[in-house]
Amino acid sequence: MNSFDDAYHQLMNRVMTEGTEKTDRTNTGTKSVFGHQMRFDLNEGFPLLTTKKVSFKLVATELIWFLRGDTNIKYLLGYNNNIWNEWAFKKYVESSDYTGPDMTDFGRRALTDETFKADYKNEMDEFKARILSDDAFSKKYGTLGNVYGKQWRHWQGPNGEVIDQIKNLIDGIKNKPDSRRHIVSAWNPAEIETMALPPCHTLFQFYVADGVLSLQLYQRSGDIFLGIPFNIASYSLLLALVARECGLKTGDFIHTIGDAHIYSNHYDAVNTQLSRTSYPAADLKINSDKSMFELEYEDFEIVNYQSHPAIKAPIAV
1 MNSFDDAYHQ
11 LMNRVMTEGT
21 EKTDRTNTGT
31 KSVFGHQMRF
41 DLNEGFPLLT
51 TKKVSFKLVA
61 TELIWFLRGD
71 TNIKYLLGYN
81 NNIWNEWAFK
91 KYVESSDYTG
101 PDMTDFGRRA
111 LTDETFKADY
121 KNEMDEFKAR
131 ILSDDAFSKK
141 YGTLGNVYGK
151 QWRHWQGPNG
161 EVIDQIKNLI
171 DGIKNKPDSR
181 RHIVSAWNPA
191 EIETMALPPC
201 HTLFQFYVAD
211 GVLSLQLYQR
221 SGDIFLGIPF
231 NIASYSLLLA
241 LVARECGLKT
251 GDFIHTIGDA
261 HIYSNHYDAV
271 NTQLSRTSYP
281 AADLKINSDK
291 SMFELEYEDF
301 EIVNYQSHPA
311 IKAPIAV
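Okay, structure coming up:
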C-alpha cells in the first residue's frame, strides 16, 4: 500500500470501527469522529488515490475556478465538471421560475425510483444546457453565492475594501517567508448565509523552512468517501502551484479534519474500497512557464497514474 492510500484507508477504517452514529443536515445519517490528521509528503509523488479512480480533471478545474475567484458553475460545466451542479440545481427547482416535475429530495429519490431518475436526468440536462447557453439564466441560477472563489480573491473588508487573500499570500511567502501569517480563510461569518454551501475546507496555512514549502488545511467537515479524496489532491496541487510560484520546493500537505464522517449510504462503497490494494503513486507535471494565475487545465499532466475503477455513491445535498 503506498503511503497516500494507506493514510486514507486508515481514516476510513477508524471511522467505520470507532465512529459515532450521528444525524446530519441531509437526514442521511453518518458515522463520525472528531479530529483526524493525515500527512502527505509530496516528494513521494502526487496523492491521487489509487484504490479507486479519482478524476484529476475535476480536481484541477475546480482549483483553477477557485483561484480565478469564480463562483458560477458555467466554467466548470465547460469542462464537464459536475461536482457543484446539485447546489445550483436545488436553487433553481425551489424557485418560482421552475415549472417542471417535483424535484423535492432529488438526491435520494433518484437512487430508488427509476421513473423519477429519468425525469431528474432530463431536468438536470436541460438545466446544464441553459447554464452554458443562456447568460441571463446562468447569472441567476449558476452562481453559488459567496463561496470559495469569492472569499479567496474578493473578501469583503469591514470598510467595503476588497482583499485578495491569494495575492497577499504569495507576496507574504516571497517577502517574509518566516512569517506565521501565511493564512487564507474561506470562513466569513458575515456571508455564510449567502453561500450555497458553507465552506467545508475553511482555512489553510503555509509554512516555509529551508526553502521548502508545506501546507496545512483545517477542514471543519469532511465527507470521507466522496469529498476527502478530492480535497487531498486539490490542496496538494495548490501546494505545488504556490511553491512553484514562489521558487520553493514542495514539502508536506497536512490535512486536519474536524468532523470526519462517512454517510450511511456509503458504507458498502467504503468496504469495497477497503478491500483493494494500491498501485504506486503517480506524479504531477506542469508543462508551462506561465504564472499559476494563468495556467489552464491543459497545462497539467498526471504521469503513471494507475487505479482501480471508480466507485459510485450518492451525494448528500
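Going by UniProt numbering, the sequence shown opens with residue 1, and the numbers climb by one from there.
Quick reminder that beta carbons are idealized off the backbone N, C-alpha and C, glycines included.
| Check | Outcome |
| --- | --- |
| Contacting residues, own chain, Cβ-Cβ under 6 Å from I183 (five flanking each side not counted) | Q205 |
| Option nearest D259 by Cα separation, candidates K285, F127 and I228 | I228 |
| Cβ pair L144, L197 closer than 9 Å | yes |
| One or two residues paired with S214 in a DSSP bridge | Y207 |
| Alpha helix (DSSP H) segment containing D125, residue limits | E114 to S133 |
| Extent of the continuous beta strand (DSSP E) to which T23 belongs | Premise fails: T23 is in no beta strand (DSSP E) and is neither H nor E. |
| Through-space distance from K57 to L76, alpha-carbon basis | 10 Å |
| Length-filtered (4 minimum) alpha helix (DSSP H) runs lying within the stretch 59-103 | 74-78 and 85-93 |
| Per-residue DSSP class, three states only, for N39 | Sequence check: residue 39 is Arg here, not Asn. If DSSP states are grouped into helix, strand and coil, R39 belongs with the strands. |
| Buried or exposed (CB count within 10 angstroms, at least 16 for buried), T104 | exposed |
| Extent of the continuous alpha helix (DSSP H) run through E245 | I228 to C246 |
| Pairwise C-alpha distance: E296 and N43 | 24 Å |
| Which residues DSSP lists as bridging Y263, in chain order | T30 |
| Beta-bridge pairing of V162 - partner residues as DSSP gives them | Q156 |
| Buried/exposed call for T51, threshold 16 Cβ in 10 Å | buried |
| S214 to D223 span [Cα, whole Å] | 24 Å |
| Q165 to G172 span [Cα, whole Å] | 10 Å |
| 8 Å contact criterion, which I286 and R244 should meet: CB distance rounded | 7 Å |
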